[in-house]
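Heads up: the structure comes next, in structure tokens.
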Amino acid sequence: MQRLLALASTHVGAFACALSLASPGAAFAADPLPPTPLRVTEGIWLIPGSFEGERQPDGNTIIFEGTSGLVVMDTGRHTWHRQAIVDFAQSNKRPIAALINSHWHLDHTSGNADIKRLYPNALLYTGTAVEKMIRDVWPQSLVRSQATLDAGNLSPVAAADVRGDIETRKNPQALRPDMPVIASGAYPIDGVIFDVRLAGNAATGGDVWVYEPRSRIAAVGDLVTLPVPFLDTACVKGWRTALDEITATPFTRVIPGHGGIMDRAQFLSWRAAFNAYTDCARSPADKSLCAANWLASTATLRAPEAADDANAREMAEEYVAFLRENGGDARLCTARSFP
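Below, the structure is given as structure tokens:
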């Protein structure tokens, strides 16, 4: 399956930066144009992520207006995604004053290095779970990725993603927090008080999400994703606890890590589907039934994707098998949910 466990080897390349991030000749002819920013409400914008074809995904980027500049939450994977972030800052004549990473998955962090080269005063606020990846996981995954690349069997698009992933993991400094988020609380970032929450052992070892009380918007990273929950590094019990904590906030809209903005009713529907899906993964039910139930429960949330989309079905089935192989959680989960 394309997505499954790719996040242990995700990607960013080092590109020459001036006003544009991609150096001449660096882009493939088939590379998409930068995504168009969407205004969510006064002072908050969304740069939508993508998950198309054989490419690995880009997560959503949320941009908050600060006092002196912009606070950017998550920076995507591909050059065209981070180009959209830089273009937005430049067109609005506002510097990027700070970065927030919801978690370490490289479809949310690969733009950090290039953005920090352009805006060296931008401090990164994120959790510390990335340190374990840098120390304990990435050295081995780098060897595997290089061997895969050297075998020469990948398409040009897939090979480009792998090369970028290798580059990021070899140079991880831009993913390390300048301002570690070690507990939930009020964080002053570029003159604005952000309600920053830390969910331990959830979608990753530590997921950062933000509640913005004036707009009543919650930006929750990969604690909510479509077309399926991305369980590559999941601790299911902690993830459910995090969803309970989101539910307890008086938000009116949720911005997921992947997928469109949800209102409260849509989020609650997604949460119920997540609980049922992960319950099914622990049951003797065939994985195809678990996947079918997930697709039926989330059909309206995934629109305009087909209700029975083949790729979503395949991912949903494979994640069930993945959880079952690892006792109900991801292999990298260190806080087991089930005895």
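Quick note, the sequence shown lines up with residues -29 to -1, 1 to 310 if you use mature numbering (1 follows the signal peptide of the UniProt record, and there is no 0).
For each residue, glycine too, the CB sits at the ideal point set by N, CA and C.
- [ ] Within its chain, find whatever has a CB closer than 7 Å to the CB of alanine 244; leave out the 5 residues flanking it on each side and keep chain order.
- [x] In the sequence shown, the residue the question calls residue 244 occupies position 273. Cβ neighbours of alanine 244 beyond the five flanking positions: Trp265, Ser268, Thr269.
Task: Every unbroken beta strand (DSSP E) within the region 72 to 155, with a cutoff of 3 residues, ordered by chain - done: 94 to 97
- [ ] Give the range of the beta strand (DSSP E) segment to which aspartate 166 is assigned.
- [x] Residue numbering aside, residue 166 sits at position 195 when the sequence shown is read from its first letter. Residues 163 to 171.
- [ ] Within its chain, find whatever has a CB closer than 6 Å to the CB of proline 3; leave out the 5 residues flanking it on each side and keep chain order.
- [x] For the purposes of this step, residue 3 is taken as residue 32 along the sequence shown, with counting starting at 1. Cβ within range, chain order: Trp51.
TODO: Starting from valine 191, trace the beta strand (DSSP E) both ways and give me its first and last residue.
DONE: To locate residue 191, count along the sequence shown from 1; it is residue 220. Per DSSP, the unbroken beta strand (DSSP E) holding valine 191 starts and ends at 188 to 196.
Open item on the list: On the criterion of 16 or more Cβ atoms from any shown chain inside 10 Å, does alanine -1 qualify as buried, or is it exposed?
Closed with: In the sequence shown, the residue the question calls residue -1 occupies position 29. Per-residue confidence for alanine -1 stands at a pLDDT of 43, beneath the threshold of 50, marking its modelled position as unreliable; no derived number is given.
Open item on the list: Do aspartate 149 and histidine 76 have their beta-carbon atoms positioned less than 8 Å apart in this structure?
Closed with: Counting from one through the sequence shown, the residue named residue 76 turns up at place 105. Counting from one through the sequence shown, the residue named residue 149 turns up at place 178. Not in contact: histidine 76 and aspartate 149 (Cβ atoms no closer than 8 Å).
Open item on the list: Could you pull the DSSP bridge partners for arginine 10 from this structure?
Closed with: In the sequence shown, counting from the first residue as 1, residue 10 sits at position 39. Looking at the DSSP assignment, arginine 10 forms a beta bridge with Trp16.
- [ ] With DSSP collapsed to three states, give me the class of serine 268.
- [x] Position 297 of the sequence shown, counting from 1, holds the residue named residue 268. In the structure shown, serine 268 sits in a helix (DSSP, three-state: H, G or I).
Open item on the list: Contact defined as beta carbons within less than 8 Å: I believe glycine 30 pairs with glycine 40. What is the distance between those atoms, to the nearest angstrom?
Closed with: Mapped onto the sequence shown, residue 30 falls at position 59. Mapped onto the sequence shown, residue 40 falls at position 69. Actually they do not touch by this definition, with Cβ atoms about 22 Å apart.
Open item on the list: If distances are taken between C-alpha atoms only, which option among Glu102, Val291, Asn63, Thr32 comes closest to lysine 258?
Closed with: Along the sequence shown, one-based indexing puts residue 258 at 287. Taking only the C-alpha atoms, the option nearest lysine 258 is Val291.
TODO: Name the one or two DSSP bridge partners that glutamate 296 has.
DONE: Against the sequence shown, residue 296 aligns to sequence position 325. In the DSSP output, where bridge partners are listed per residue, glutamate 296 has none listed.
Task: Backbone secondary structure at serine 259 - three-state DSSP - done: Walking along the sequence shown from the start, residue 259 turns up at place 288. Helix.
Open item on the list: Quick check on the burial criterion: 16 or more other C-beta atoms within 10 angstroms. Buried or exposed for methionine -29?
Closed with: Residue -29 sits at position 1 when you count from the first residue of the sequence shown. Note on methionine -29: pLDDT 47, under 50, position unreliable in the model; the coordinate value appears next. Methionine -29 should be labelled exposed.
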